[in-house]
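Working notes, structure below.
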């Protein structure tokens with residue numbers, strides 16, 4: 001009897017999704033439906049609640065490694081892999097539009113490109129987006145990877161990347177996994193020092209974009225790349 005009840009519930013959930021799409025679903029309901037394809041029978045709703053609770057949110061769960069999902073949630077490795085695959089597929093879709101040397105000649109394009117770099121990152125990363133004189137992306141170099149709260153930036157790595165790629169300009173981007181996109185004092189100070197070093201080799205720092213929980217902060221837009229502001233930090 002219980003199996004029949006759950007079967008009917010699953011079918012109702014599928015029909016609701018087909019008719020309405022996923023917008024009206026709660027996070028745990030979407031996960032509950034995804035789990036149908038790893039757990040053939042039974043009620044996956046309690047498991048979905050448990051998994052979201054264990055990681056604190058659906059995005060954090062999706063960012064986790066398969067082995068961590070299996071260990072912390074008590075699910076089989078196939079279930080954990082199914083969840084991890086969603087992250088990898090989504091990342092590929094997000095990054096696909098940027099494969100052919102995009103031109104970042106507006107703030108909007110620069111922000112969207114930087115967002116694509118930070119998709120599903122649960123630790124702090126720092127990238128230097130190296131551009132030619134037409135603002136086309138030559139290459140994007142990972143400068144640092146840190147913990148949830150920090151990433152150590154080595155100026156030498158930035159300089160080597162800019163020189164090796166013969167960049168005319170650079171956009172920095174990093175993420176704040178904690179969810180606050182406003183720059184810290186260290187962010188501002190580090191940016192000022194790097195801007196001065198790049199200026200010495202005739203490379204322009206165009207912007208530094210911080211990504212946090214879907215929000216963004218542009219140093220350029222907030223006038224933190226003005227010469228006077230930079231000099232105050234040095």
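In UniProt numbering, the protein residues as written are 1 to 234. Backbone N, C-alpha and C define an ideal beta-carbon position, used for all residues, glycine too. Small disclaimer: the values here were computed from a predicted structure and weren't measured.
Cβ contact check for the stretch 179 to 192 and the stretch 217 to 224: 3 or more pairs under 8 Å
yes
Quick check: the Cα distance between residue 45 and residue 29, rounded to an integer number of angstroms?
For the purposes of this step, residue 45 is taken as residue 45 along the chain shown, with counting starting at 1. For the purposes of this step, residue 29 is taken as residue 29 along the chain shown, with counting starting at 1. Distance between the alpha carbons of residue 45 and residue 29 is about 7 Å.
Tell me whether the beta-carbon of residue 114 lies closer than 8 Å to the beta-carbon of residue 167.
By one-based count along the chain shown, residue 114 stands at place 114. By one-based count along the chain shown, residue 167 stands at place 167. Their beta carbons are not under 8 Å apart, which means residue 114 does not touch residue 167 by this criterion.
Rounded C-alpha distance that separates residue 234 from residue 109:
Along the chain shown, read from residue 1 onward, the residue named residue 234 stands at position 234. Along the chain shown, read from residue 1 onward, the residue named residue 109 stands at position 109. Confidence is the limiting factor: at residue 234 the pLDDT is only 45, short of 50, which leaves the residue's position unreliable and the question unanswerable from this model.
Would residue 153 and residue 144 be called neighbours here (beta carbons separated by less than 8 Å)?
Here the question's residue 153 lines up with position 153 in the chain shown. Here the question's residue 144 lines up with position 144 in the chain shown. Their beta carbons are under 8 Å apart, which means residue 153 touches residue 144 by this criterion.
Under a three-way DSSP split, which group does residue 45 fall into?
In the chain shown, the residue the question calls residue 45 occupies position 45. The answer is helix: DSSP assigns residue 45 an H, G or I state.
Going along the chain, which residues of its own chain have a beta-carbon closer than 8 Å to the beta-carbon of residue 170, five neighbours each way excluded?
Along the chain shown, one-based indexing puts residue 170 at 170. Only 128, 129, 130, 131, 158, 162, 198, 203, 204, 205, 206 meet the Cβ criterion.
Mark residue 176 as exposed unless 16 or more other C-beta atoms lie within 10 angstroms of its C-beta, in which case mark it buried.
Looking up residue 176 in the chain shown gives position 176. Its Cβ being crowded by 16 or more others within 10 Å, residue 176 is buried.
Evaluate residue 57 with the Cβ neighbour count: other Cβ atoms within 10 Å of its Cβ, from every protein chain shown; 16 or more gives buried, anything less gives exposed.
In the chain shown, residue 57 corresponds to position 57, counting from 1. Exposed, by the Cβ-count rule.
Burial state of residue 213, where buried means 16 or more other Cβ atoms lie within 10 Å:
Within the chain shown, residue 213 is the residue found at index 213, counting from 1. Flag for residue 213 reads exposed.
Within 10 angstroms of its Cβ, does residue 90 collect 16 or more other Cβ (buried), or is it exposed?
Working through the chain shown from its first residue, we reach residue 90 at position 90. Result: exposed.
For residue 118, is the classification buried or exposed, using 16 other Cβ atoms within 10 angstroms of its Cβ as the cut-off for buried?
Counted from its first residue, the chain shown places residue 118 at position 118. Buried is the call here.
Please state whether the Cβ-Cβ distance between residue 238 and residue 174 is less than 8 Å.
Since the first residue of the chain shown is 1 and the last is 234, residue 238 is not available in this structure.
For residue 1, which residues in the same chain have their Cβ closer than 6 Å to its Cβ, ignoring the five residues on either side in sequence?
Counting from one through the chain shown, the residue named residue 1 turns up at place 1. Note that residue 1 scores a pLDDT of 44, beneath 50, so its modelled location is shaky; the value from the coordinates is reported in the next line. For residue 1, where only same-chain residues beyond five positions count, there are no Cβ hits under 6 Å.
Would you identify the three-state DSSP class for residue 235, choosing helix, strand or coil?
Any property of residue 235 remains undetermined from this structure, which presents the chain solely from 1 to 234.
Does the Cβ of residue 221 have 16 or more other Cβ atoms within 10 Å, making it buried, or fewer, making it exposed?
The sequence position of residue 221 within the chain shown is 221, counting from 1. Exposed, since its Cβ has fewer than 16 Cβ neighbours within 10 Å.
Extract the residue ranges of the beta strand (DSSP E) inside the stretch 97 to 152, only unbroken runs of 3 or more that lie entirely within it.
125 to 131, 137 to 145
Alpha carbon to alpha carbon, what distance is there between residue 74 and residue 102?
Along the chain shown, read from residue 1 onward, the residue named residue 102 stands at position 102. Along the chain shown, read from residue 1 onward, the residue named residue 74 stands at position 74. The alpha-carbon atoms of residue 102 and residue 74 are separated by roughly 43 Å.
In this structure, does DSSP put residue 52 in helix, strand or coil?
One-based indexing of the chain shown puts residue 52 at position 52. In this structure, residue 52 counts as helix in the three-state DSSP scheme.
In three-state DSSP terms, what is residue 220?
Locating residue 220 in the chain shown gives position 220, where the first residue counts as 1. If DSSP states are grouped into helix, strand and coil, residue 220 belongs with coil.
In whole angstroms, what is the alpha-carbon distance linking residue 59 and residue 23?
The residue you call residue 59 lines up with position 59 of the chain shown. The residue you call residue 23 lines up with position 23 of the chain shown. Answer to the nearest angstrom: the Cα atoms are 16 Å apart.
Would you give the residue range spanned by the alpha helix (DSSP H) that residue 192 belongs to?
Here the question's residue 192 lines up with position 192 in the chain shown. Where residue 192 is concerned, the enclosing alpha helix (DSSP H) stretches over 185 to 200.
Inter-residue Cα distance where the pair is residue 226 and residue 95
Numbered from 1 along the chain shown, position 226 holds the residue referred to as residue 226. Numbered from 1 along the chain shown, position 95 holds the residue referred to as residue 95. Distance between the alpha carbons of residue 226 and residue 95: 31 Å.
Count the other CB atoms, across all protein chains shown, that sit within 10 Å of the CB of residue 187; report buried if there are 16 or more and exposed otherwise.
For the purposes of this step, residue 187 is taken as residue 187 along the chain shown, with counting starting at 1. Buried: at least 16 other Cβ atoms inside 10 Å.
Short Cβ contact (8 Å threshold) for residue 10 with residue 36
Counted from its first residue, the chain shown places residue 10 at position 10. Counted from its first residue, the chain shown places residue 36 at position 36. Yes.
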